[in-house]
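Peer 1:
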Amino acid sequence: MIRIVMDSTCGMTIEDFEKAGIVMAPLYIREGETLYRDGVDMKPAEFYKKEREGVIFESAQTNPDDLVRIFGPILEVGDEIVCVMISGAISGSVNAGRVAAQTLEAEDRISIVDSRQSGYCQLTMGRLAKSMADEGKSRAQIVEALSELRDRTWVYFIMESLHWLYKGGRLTGAQALIGTIIQLKPIVWFDDLGRMVTHDKIRTIKAGKERLKELVLEMASYGVVSAGLHWADNWDEAKEFGDWMESVLHVPVEYNRVSCVVGCHVGPTVLGPVVVMKEKPKAKNRVD
């Protein structure tokens, strides 16, 4: 049997993991000297409340020993593992997974998959992996299918302030200061390497949402399989945008609350539409 493991940044709750039959690997956030397991010790509702109150959180480095403790019992009963992780370009989780596989001397039984994204994008990959595992597909077949799905899944995020990108190490202090002075609202995405990079810098949230709509329609031009929308502590705003997405995409929109780990980098007002496309777009227009 092949078991699917996925980290907590996919946006599922503990109950969602149990219902899906996917093993949860919680990542960590830090408040001062205190560590919290994302989605276990700290849930998004409490996290964003504190973040709005000014509490400073940081994402913490993933410890390979945690993954050894998760992988070990699965291997002991003779099962194999496909582990789908948040982008390795913004987190050490992919590397931690590989170290754990080496520690267990089980690299021939564990596949660590770099989603090169997070949230709903990662979630769709985990669901596909579970479905294929249930059908008896091999690890190699699953990994190949996940790579193909990843190339057809794009996401864009708009944030209220460049402060969060700076806080997360995505901008220099000077860039953040200049952006704050002229009130830029960044639209970011994951590029082909899984880096979170700035795609557009818009002067107002209203204009930013209109730009997001243009990007959603661009993605939809390649055909729509499914759609999701990331939100944090801004449900009313998300529901309004999600209703618009459903009206133009003609598919249900699945709302994905941004995890605490990712919330450290994007803030409480992030909005992030995702489209899983029928065809792989020819290329992304880079803004590095």
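Under this note's numbering, the first residue of the sequence shown is numbered 49, with each subsequent residue one higher.
For every residue, glycine included, the Cβ atom is placed at its ideal position computed from N, Cα and C.
1. Rank N143, E66, M90, E153 by C-alpha distance to the C-alpha of Y76 and give the top, closest one.
2. Which of helix, strand or coil does DSSP assign to E327?
3. Report, in whole angstroms, the separation of the C-beta atoms of R157 and L123, which I expect to be a contact under 8 Å.
4. Taking its Cβ as the centre, do 16 or more other Cβ atoms sit within 10 Å of Q165, making it buried, or is it exposed?
5. Using DSSP with H/G/I as helix, E/B as strand and the rest coil, what is K249?
6. Between the Cα of V273 and the Cα atoms of T201, H313, D281, which residue gives the shortest distance?
7. For the beta strand (DSSP E) containing P74, name the first residue and the last one.
8. Would M325 and Y270 qualify as a contact pair, given that the criterion is a beta-carbon distance under 8 Å?
9. What's the call for V323, buried or exposed, on a 16-neighbour Cβ count within 10 Å?
10. Suppose only complete runs of 4+ residues qualify. What are the alpha helix (DSSP H) ranges in the segment 268-306, listed by chain order?
11. Entirely within the segment 105-132 and at least 3 residues each: give me those beta strand (DSSP E) ranges in chain order.
12. Applying the criterion that 16 or more other CB atoms from any shown protein chain within 10 Å of the CB defines a buried residue, is D182 buried or exposed?
13. Can you check which of these residues, N282, P112, S141, is closest to G315 by C-alpha distance?
14. So, at 6 Å on beta carbons, what are the nonlocal neighbours of G276 in its own chain, with the 5 sequence-adjacent residues on each side left out?
15. Which of helix, strand or coil does DSSP assign to P92?
16. Compare the Cα-Cα distances from M244 to each of K97, C308, S135 and report the closest residue.
17. Could you name the residues of the same chain whose beta carbon sits closer than 6 Å to that of T317, not counting the 5 residues immediately before and after it, in chain order?
18. Does the count of Cβ pairs from the segment 171-178 and the segment 135-144 closer than 8 Å reach three?
19. Does the beta-carbon of I104 have 16 or more other beta-carbons within 10 angstroms, so that it is buried, or is it exposed?
20. Identify which residue in V132, V161, P112, G320 has its Cα closest to the Cα of T151.
21. Got a sec, what are the start and stop residues for the beta strand (DSSP E) D86 sits in?
22. Where does the unbroken alpha helix (DSSP H) through M173 begin, and where does it stop?
23. When the Cα of K178 is compared with those of G311, C308, R51, which residue comes out closest?
24. With distance defined between alpha-carbon atoms, name the residue in D64, M267, A93 nearest to D199.
25. So what does D233 bridge to, in DSSP terms?
26. Run through DSSP, which three-state label would T158 get?
Peer 2: So, to answer that:
1. Here residue 76 is taken as the residue at index 28 of the sequence shown, counted from 1. For the residues N143, E66, M90, E153, the minimum Cα distance to Y76 belongs to M90.
2. In the sequence shown, counting from the first residue as 1, residue 327 sits at position 279. The answer is coil: DSSP assigns E327 none of H, G, I, E or B.
3. Counting from one through the sequence shown, the residue named residue 157 turns up at place 109. Counting from one through the sequence shown, the residue named residue 123 turns up at place 75. R157 to L123, Cβ: 6 Å. Contact.
4. The residue labelled residue 165 in the question sits at position 117 within the sequence shown. Q165 is buried by the Cβ-count criterion.
5. Your numbering for residue 249 matches position 201 in the sequence shown. Looking at K249 - three-state DSSP - the assignment turns out to be strand.
6. Indexing the sequence shown from 1 puts residue 273 at position 225. The option with the nearest alpha carbon to V273 is T201.
7. Indexing the sequence shown from 1 puts residue 74 at position 26. It is not in any beta strand (DSSP E) - P74 carries neither H nor E in the DSSP assignment.
8. As a working note, residue 325 is residue 277 in the sequence shown. As a working note, residue 270 is residue 222 in the sequence shown. Yes, Cβ-Cβ distance for M325 and Y270 is below 8 Å.
9. As a position in the sequence shown, residue 323 is number 275, starting the count at 1. Burial call: buried.
10. 283-297
11. 106-108
12. For the purposes of this step, residue 182 is identified with residue 134 of the sequence shown, where counting begins at 1. D182 is exposed by the Cβ-count criterion.
13. The residue given as residue 315 occupies position 267 in the sequence shown. Of the listed residues, the one whose Cα sits closest to G315 is N282.
14. Here residue 276 refers to the residue found at position 228 of the sequence shown. Excluding sequence neighbours, G276 sits near Y168, E302, N304, V322.
15. Residue numbering aside, residue 92 sits at position 44 when the sequence shown is read from its first letter. Three-state result, P92: helix.
16. Taking the first residue of the sequence shown as 1, we reach residue 244 at position 196. Ranking the options by Cα distance to M244, first place goes to S135.
17. On the sequence shown, position 269 is the one that residue 317 refers to. Excluding sequence neighbours, T317 sits near E208, N282.
18. no
19. Taking the sequence shown and counting its residues from 1, one reaches residue 104 at position 56. Result: exposed.
20. Along the sequence shown, read from residue 1 onward, the residue named residue 151 stands at position 103. The candidate whose alpha carbon is nearest that of T151 is P112.
21. Within the sequence shown, residue 86 is the residue found at index 38, counting from 1. That residue, D86, is in no beta strand (DSSP E); it is neither H nor E in DSSP.
22. In the sequence shown, the residue the question calls residue 173 occupies position 125. Looking at the DSSP string, the run of the alpha helix (DSSP H) that includes M173 is 167-182.
23. In the sequence shown, counting from the first residue as 1, residue 178 sits at position 130. When each option's Cα is compared against that of K178, the closest is R51.
24. On the sequence shown, residue 199 is found 151 positions in, with the first residue counted as 1. Cα-wise, what sits closest to D199 is M267.
25. As a position in the sequence shown, residue 233 is number 185, starting the count at 1. Sequence check: residue 233 is Lys here, not Asp. DSSP, once it has assigned bridges, lists I250 as partnering K233.
26. By one-based count along the sequence shown, residue 158 stands at place 110. For clarity, residue 158 is Ile in the given sequence; the question names Thr instead. DSSP places I158 in strand when its eight states are reduced to three.
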